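Working notes, beginning with the structure itself.
There are 2 protein chains.
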Amino acid sequence: MDFKNQLENYRLRAEKALNIWMPQATELPHRLHKAMRYSLEAGGKRLRPILVLATFDLNPSHLDPEPAAAAIEALHTYTLIHDDLPCMDDSDLRRGKPTCHKQFDEATALLAGDGLLTEAFYLLARAYKHSPSVAVALIETLGDNAGSRKLIGGQQEDTLGEMQGNDEHRLNFIHQNKTAALLTACVKMGALLGDSSSHIEHADVLGYNLGMAFQIIDDILDATADTATLGKTAGLDEKNNTLTFPKLYGIEESRKRASHHTKSAIDSAKALGGERSTFLVELILSMEHRIN
Amino acid sequence: MDFKNQLENYRLRAEKALNIWMPQATELPHRLHKAMRYSLEAGGKRLRPILVLATFDLNPSHLDPEPAAAAIEALHTYTLIHDDLPCMDDSDLRRGKPTCHKQFDEATALLAGDGLLTEAFYLLARAYKHSPSVAVALIETLGDNAGSRKLIGGQQEDTLGEMQGNDEHRLNFIHQNKTAALLTACVKMGALLGDSSSHIEHADVLGYNLGMAFQIIDDILDATADTATLGKTAGLDEKNNTLTFPKLYGIEESRKRASHHTKSAIDSAKALGGERSTFLVELILSMEHRIN
Chain A
68 MDFKNQLENY RLRAEKALNI WMPQATELPH RLHKAMRYSL EAGGKRLRPI LVLATFDLNP
128 SHLDPEPAAA AIEALHTYTL IHDDLPCMDD SDLRRGKPTC HKQFDEATAL LAGDGLLTEA
188 FYLLARAYKH SPSVAVALIE TLGDNAGSRK LIGGQQEDTL GEMQGNDEHR LNFIHQNKTA
248 ALLTACVKMG ALLGDSSSHI EHADVLGYNL GMAFQIIDDI LDATADTATL GKTAGLDEKN
308 NTLTFPKLYG IEESRKRASH HTKSAIDSAK ALGGERSTFL VELILSMEHR IN
Chain B
68 MDFKNQLENY RLRAEKALNI WMPQATELPH RLHKAMRYSL EAGGKRLRPI LVLATFDLNP
128 SHLDPEPAAA AIEALHTYTL IHDDLPCMDD SDLRRGKPTC HKQFDEATAL LAGDGLLTEA
188 FYLLARAYKH SPSVAVALIE TLGDNAGSRK LIGGQQEDTL GEMQGNDEHR LNFIHQNKTA
248 ALLTACVKMG ALLGDSSSHI EHADVLGYNL GMAFQIIDDI LDATADTATL GKTAGLDEKN
308 NTLTFPKLYG IEESRKRASH HTKSAIDSAK ALGGERSTFL VELILSMEHR IN
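As given, the protein sequences belong to chains A and B, one line each in that order. Numbers 68 to 359, taken from the numbering used here, label the letters of the first sequence in order. Numbers 68 to 359, taken from the numbering used here, label the letters of the second sequence in order.
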């Protein structure tokens with residue numbers, strides 16, 4: 068199967084897993100569950116669940132990685148809903164559709180985010196309770212990376228900037244935590260579910276480098292692409308005076324760093340999966356060379 | 068030890084557990100962790116962690132129930148922070164002190180709530196990973212009761228009322244989910260940590276009845292006590308046109324129902340703990356006869 072077909076195959080499995088494992092819109096209270104489903108079904112590349120599935124496939128086991136893929140996407144979706152709220156980024160649109168609080172209301176969006184966050188952990192416990200050591204390792208990994216010291220802390224610093232005055236330190240803190248932490252959780256959870264757990268340190272290094280490359284490219288695209296290509300408003304970082312890699316190091320040096328992190332991520336993918344790493348290596352390369 | 072001393076003893080253990088297990092205010096980002104600590108340390112009766120510890124003591128095991136007690140209080144505190152936000156109850160004061168978003172800001176309060184919710188699950192995984200079956204059962208119990216179908220669903224219905232027109236059904240839905248679900252999680256987690264797990268169905272019945280009695284008394288106090296005795300503004304339910312037990316059934320019938328649920332809760336406590344249930348029975352009785 069070529070890369071594009073395999074990617075689409077993984078994406079469909081991620082969507083199917085969400086549909087199976089998340090609460091139905093018909094459950095009470097309807098408005099709350101409709102809001103959760105609305106944001107889950109708003110599209111997106113499903114990069115995070117695909118990373119869980121693809122990392123699992125480096126050394127597959129008898130376990131089913133799909134519930135973990137759904138849990139990670141639920142958690143990612145909660146961060147988007149809460150980040151879009153008026154007290155955070157105050158965004159009206161996401162992927163061309165009204166944000167959750169615009170489509171429903173602020174209270175429902177707040178609670179829908181809380182519901183998806185809770186559901187992520189609940190699902191991991193439910194789905195993997197017959198392999199309790201794996202379940203606990205997955206939950207600890209997600210709790211660590213999505214907690215107040217990492218993902219939420221990165222969001223706090225990005226929004227409220229208490230480290231201002233030390234730009235390099237601050238930029239690294241934000242990107243490591245806001246972006247790389249959850250991508251690290253994805254590859255680590257995929258590795259924990261598979262037979263890669265004896266090489267789990269490669270998953271940490273892979274996640275970190277993948278996350279840093281991803282965020283640097285994000286910054287470069289915001290500064291260089293046009294809105295039509297990007298599919299979202301370009302130039303927002305400049306407008307909002309956001310600290311970015313291009314601002315701190317220039318475009319050329321930023322590209323070099325993205326390329327360096329990409330190479331390191333590929334090395335870790337190969338260390339984890341050997342010959343089975345072809346798809347993951349192509350995915351990592353495609354993330355560096357994406358145009359939106 | 069008499070009841071009051073034992074209650075104080077449990078309360079101090081709950082506070083100590085929070086202090087040990089929750090992130091320190093000195094961790095980065097400081098403002099986020101200060102906000103989490105501010106709300107955790109704002110006082111309160113610590114009823115939920117005390118229930119975990121007291122239910123554990125009905126049939127103690129070699130496990131330490133204190134991390135679970137801290138996790139439950141972290142989860143409870145997140146619900147208070149998010150419920151106080153402007154898009155929910157828009158409260159300026161809680162227990163006589165500024166609410167989290169008033170003391171800090173809305174973005175910090177939102178993220179502090181997210182952080183405490185995540186920390187609850189992370190702590191259960193970290194603290195009990197060497198007893199992975201217990202850890203997963205605790206996390207599944209908390210995820211179930213604190214999820215969008217129960218705790219968050221009760222909050223959604225209380226705030227947005229999609230079931231209006233069927234008052235009896237609606238009132239039961241709100242109180243079972245908004246209040247009783249988390250109290251059920253407390254006693255069930257205490258029982259799972261102890262040697263009560265073969266009688267876990269008693270914990271479910273205990274939690275349900277305790278929760279219903281607790282909420283009915285809450286409704287009665289709001290309608291009958293004065294603000295000075297209550298320590299918070301009395302009469303808010305009437306003012307906000309909130310659906311309550313006294314409104315639907317009258318004060319006398321509400322008291323009867325609270326008494327009935329209290330008796331059932333005591334029966335379950337005795338079925339779980341036999342002679343060791345003295346403290347828990349007194350605690351349940353004190354909840355029925357409380358004046359604030």
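Yeah, the Cβ is synthetic: ideal placement off N, Cα and C, and Gly gets one too. On a predicted model such as this, the values are computed, not experimentally measured, just so you know.
At a cut-off of 8 angstroms between C-beta atoms, residue 247 (chain A) does not count as an interface residue with respect to chain B. Partner residues in the beta bridge of residue 164 (chain B), as assigned by DSSP, are B:161. Comparing alpha-carbon positions, the option among A:328, A:226 and A:144 lying closest to residue 276 (chain A) turns out to be A:328.
Fully contained in the segment 217-304 of chain A are the following alpha helix (DSSP H) runs of length 4 or more, in chain order: 218-227, 234-241, 248-260, 267-291 and 294-297.
Excluding sequence positions up to five before and after residue 170 (chain B), its CB lies within less than 7 angstroms of the CB of 105, all in the same chain and listed in chain order. Between residue 85 (chain A) and residue 140 (chain A) the beta-carbon gap is near 6 angstroms, inside 8 angstroms, which marks them as a contact. At a beta-carbon threshold of 7 angstroms, the residues of chain A lying near residue 181 (chain B) are 149, 184 and 219, ordered along the chain. DSSP places residue 115 (chain A) in the helix class (H, G or I) of the three-state scheme. Taking 8 angstroms as the Cβ-Cβ cut-off, the segment 127-139 of chain B has no residue approaching chain A. If you draw a 10 Å sphere on the C-beta of residue 115 (chain B), you find 16 or more other C-beta atoms in it, and that means buried. When the five nearest sequence neighbours on each side are left out, the beta carbons in the same chain lying within less than 7 angstroms of the beta carbon of residue 179 (chain B) are those of 99, 102, 103, 106, 148 and 167, in order along the chain. DSSP places residue 128 (chain B) in the coil class of the three-state scheme, outside both helix and strand. In summary, the residues of the segment 86-118 of chain B whose CB is separated from some CB of chain A by less than 7 angstroms are 90, 94, 95, 96, 97, 98, 99, 100 and 103, in the order they occur in the chain. Here the C-alpha atom of residue 132 (chain A) lies approximately 7 angstroms from the C-alpha atom of residue 257 (chain A).
Look at residue 108 (chain A) here: in three-state DSSP terms it is coil, with no helix or strand label.
In the displayed model, residue 350 (chain A) falls within a helix according to three-state DSSP. For residue 214 (chain B), the nearest beta carbon of chain A is closer than 8 angstroms to its own beta carbon.
If you check each beta-carbon in the segment 192-216 of chain B against every beta-carbon of chain A, the ones closer than 7 angstroms belong to 192, 193, 196, 199, 200, 202, 203, 206, 207, 210, 211, 213, 214, 215 and 216. Sorting A:358, A:349 and A:356 by C-alpha distance to the C-alpha of residue 71 (chain A) places A:349 at the top.
Taking the Cα of residue 96 (chain B) as reference, the smallest distance to any Cα among A:145, A:303, A:216 and A:69 is reached at A:216. In this structure, the straight-line span from the alpha carbon of residue 119 (chain B) to that of residue 274 (chain B) is close to 11 angstroms. In the displayed model, residue 152 (chain B) falls within coil according to three-state DSSP, outside both helix and strand. Cβ-Cβ distances below 8 angstroms link residue 262 (chain A) to 126, 127 and 128 in the same chain, with the five nearest sequence neighbours on each side left out; the list follows chain order. When C-beta atoms of the segment 290-306 of chain B are compared with those of the segment 242-255 of chain B, fewer than three pairs fall below 8 angstroms, so the two segments do not count as touching. With the criterion set as a beta carbon lying under 9 angstroms from some beta carbon of chain B, the members of the segment 150-170 of chain A are 152, 153, 154, 155 and 168, in sequence order. For residue 208 (chain B), the uninterrupted alpha helix (DSSP H) run begins and ends at 199-212, by DSSP. At a cut-off of 8 angstroms between beta-carbon atoms, residue 227 (chain A) makes contact with chain B. For residue 356 (chain B), the three-state secondary structure derived from DSSP is coil. Cβ contact annotation for residue 144 (chain B) (same chain, cutoff 6 angstroms, sequence separation greater than five): 106, 107 and 183, in chain order. Closest in alpha carbon position to residue 156 (chain A), among A:94, A:189, A:227 and A:175, is A:227.
The segment 297-317 of chain B makes contact with the segment 279-289 of chain B: 3 or more CB pairs, one atom from each, lie closer than 8 angstroms.
Interface with chain A (8 angstroms Cβ-Cβ cutoff): residue 173 (chain B) is included. Taking C-beta atoms under 8 angstroms as the contact rule, residue 244 (chain A) and residue 298 (chain A) fail to qualify, at a distance of about 25 angstroms.
For residue 301 (chain B) against residue 355 (chain B), the beta-carbon gap comes to about 19 angstroms, at or over 8 angstroms, which does not count as contact. At a cut-off of 8 angstroms between beta-carbon atoms, residue 189 (chain B) makes contact with chain A.
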